[in-house]
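In terms of my numbering, the sequence shown is residues 2 to 115.
For every residue, glycine included, the Cβ atom is placed at its ideal position computed from N, Cα and C.
Please read all numbers here as calculations on a predicted model, not as lab measurements.
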Amino acid sequence: MTDRDNGATSDKLPIKMLNDRILVKIEGPDGERKSNGGILIPATAQVGKRLTWATVVAIGSNVRSMELKDRVLYNPEDRYEVEVGGADYIILRERDIHAVAAQRLDDSHTGLYL
Numbered sequence: 002m003t004d005r006d007n008g009a010t011s012d013k014l015p016i017k018m019l020n021d022r023i024l025v026k027i028e029g030p031d032g033e034r035k036s037n038g039g040i041l042i043p044a045t046a047q048v049g050k051r052l053t054w055a056t057v058v059a060i061g062s063n064v065r066s067m068e069l070k071d072r073v074l075y076n077p078e079d080r081y082e083v084e085v086g087g088a089d090y091i092i093l094r095e096r097d098i099h100a101v102a103a104q105r106l107d108d109s110h111t112g113l114y115l
């Protein structure tokens with residue numbers, strides 16, 4: 002297949018997530034967060050365990066509770082990091098997700114996957 006056939010360079014291949022795996026992109030620098038007043042709190046100031054939000058960029062065929070572009074809440078200690086095309090991503094299992102935030106969720110359900 003040439004570059005014209007798929008619009009990509011010949012050294013790049015498409016990636017398909019398998020089973021219940023989810024590929025997410027971290028929102029902002031790892032560990033840093035902002036307060037409601039806009040103050041940047043560095044990762045070194047964190048006390049105790051804190052969950053992190055990320056955006057779903059790819060899902061496996063057996064993922065049931067989330068879709069692309071959903072925001073998910075996960076424990077940053079339970080993750081596998083990977084670099085794809087110069088960008089850092091995290092691979093999670095669906096069971097490692099604590100909550101899903103999306104406009105499509107119905108008000109009658111919590112939207113949580115526990």
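For this session: Compare the Cα-Cα distances from R72 to each of E84, T53, I92 and report the closest residue.
Result: T53
For this session: Can you give me the Cβ contacts of I82 inside the same chain, cut-off strictly under 7 Å, excluding the 5 residues immediately before and after it?
Result: According to the sequence provided, residue 82 is Glu. The question's Ile does not apply to it. The answer, listed in chain order, is D89, I91.
Problem set entry | With 16 other Cβ atoms within 10 Å as the buried cut-off, status of V57 | buried
Exercise. Got a sec? Which residues, its chain only, sit under 6 Å from G61 by beta carbon, not counting five neighbours each side?
Worked result: M18, L19, N20, D21, R22
For this session: Let me know if E84 comes out buried or exposed under the rule of 16 or more other beta-carbons within 10 Å of its beta-carbon.
Result: exposed
Exercise. Going by alpha carbons, who is nearest to D79 out of D97, E28, K50?
Worked result: D97
For this session: Please name the residue in S66, Y75, L41 whose C-alpha comes closest to that of R51.
Result: Y75
For this session: Reducing DSSP to helix, strand and coil, say where D97 ends up.
Result: In the three-state scheme derived from DSSP, where H, G and I count as helix and E and B as strand, D97 is classed as helix.
Problem set entry | Distance CB(V64)-CB(E28) smaller than 8 Å | no
Exercise. Should G8 be labelled buried (16 or more other beta-carbon atoms within 10 Å of its own) or exposed?
Worked result: In this predicted model, G8 has a pLDDT of only 43, less than 50, meaning its place in the structure is not dependable; the value taken from the coordinates is given anyway. By the C-beta density criterion, G8 is exposed, having fewer than 16 other C-beta atoms within 10 angstroms.
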